[in-house]
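Below: one structure, written as structure tokens.
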Amino acid sequence: MMDVTDSIKRLRWTVEHHFLHIQAQHDFMRAWAIQFELAYTDFRVIQMVLQLSGEEQHPLLGEFAKAYDDVYQYEYAFVAGGLAGFNDKFGGHMDDYQQAESKMLGLIDRVDALPALHTFGA
């Protein structure tokens with residue numbers, strides 16, 4: 000059995016807190032980069048379970064992957080270039096980042112609402 004409950008919880012926390020960190024213009028810190036890498040692993044676990052759960056979840060899978068890619072571009076700019084690098088690339092686009100973050104959080108909630116994903120393979 001594969002339980003994605005922790006992956007969902009951690010991905011939700013990371014997406015939300017990384018947005019708030021950048022929005023508040025906090026400096027880059029090593030823990031942020033580690034969280035970024037772990038969130039990618041959580042995303043991939045959730046993605047894999049959605050892929051394996053049947054074709055009825057494929058539309059959600061597509062939306063979920065796209066939303067993650069949209070958030071990833073902002074987070075990667077911060078990981079790669081720190082606050083200055085993020086601001087150079089996306090400093091004037093915080094509203095767009097917030098929309099991407101909100102969409103991702105909404106999709107995480109939709110995934111979380113699928114009971115079969117919490118006990119996949121049971």
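In numbering that gives the first Met the number 0, the protein residues as written are 0 to 121. Each residue gets a CB set at the ideal place from its N, CA and C atoms; glycine is no exception.
Practice task
Using beta-carbon positions only, say whether residue 21 and residue 77 come within less than 8 Å of one another.
Solution key: Residue 21 is a Cβ neighbour of residue 77, given a cutoff of 8 Å.
Practice task
With DSSP collapsed to three states, give me the class of residue 47.
Solution key: Looking at residue 47 - three-state DSSP - the assignment turns out to be helix.
Handout entry: Alpha-carbon spacing of residue 103 relative to residue 70, whole angstroms
Key = Taking the CA atoms as reference points, residue 103 sits about 7 Å from residue 70.
Practice task
Sort 24, 4, 38 and 51 by Cα distance to residue 84 and report the nearest one.
Solution key: Closest option to residue 84, Cα to Cα, is 24.
Exercise for the section: Report the option in 59, 79 and 31 whose CA atom is closest to the CA atom of residue 112. Expected result: Residue 112 has its Cα closest to that of 59, out of 59, 79 and 31.
Practice task
State yes or no: is the C-beta of residue 110 within less than 8 Å of the C-beta of residue 63?
Solution key: Yes, they are a contact pair.
Exercise for the section: Look up residue 1 in the DSSP assignment and say whether it is helix, strand or coil. Expected result: Correct three-state label for residue 1: strand.
Practice task
Report the residue ranges of all alpha helix (DSSP H) runs contained in full by the stretch 2 to 72; include only those spanning at least 4 residues, in chain order.
Solution key: List check, alpha helix (DSSP H) in window: 4 to 22 and 29 to 51.
Problem - Closest by C-alpha distance to residue 37, when choosing among 56, 19, 61 and 11 - result: Considering only alpha carbons, the answer is 11.
Exercise for the section: Give the single residue among 7, 55, 96 and 54 whose Cα lies nearest to the Cα of residue 68. Expected result: Closest option to residue 68, Cα to Cα, is 96.
Handout entry: Reduced DSSP category for residue 81 - H, G, I as helix; E, B as strand; rest coil
Key = Residue state for residue 81 is assigned as helix, using DSSP reduced to three classes.
Handout entry: Nearest-angstrom Cβ-Cβ length linking residue 82 and residue 27, presumed shorter than 8 Å
Key = So it is a contact: roughly 6 Å between Cβ atoms.
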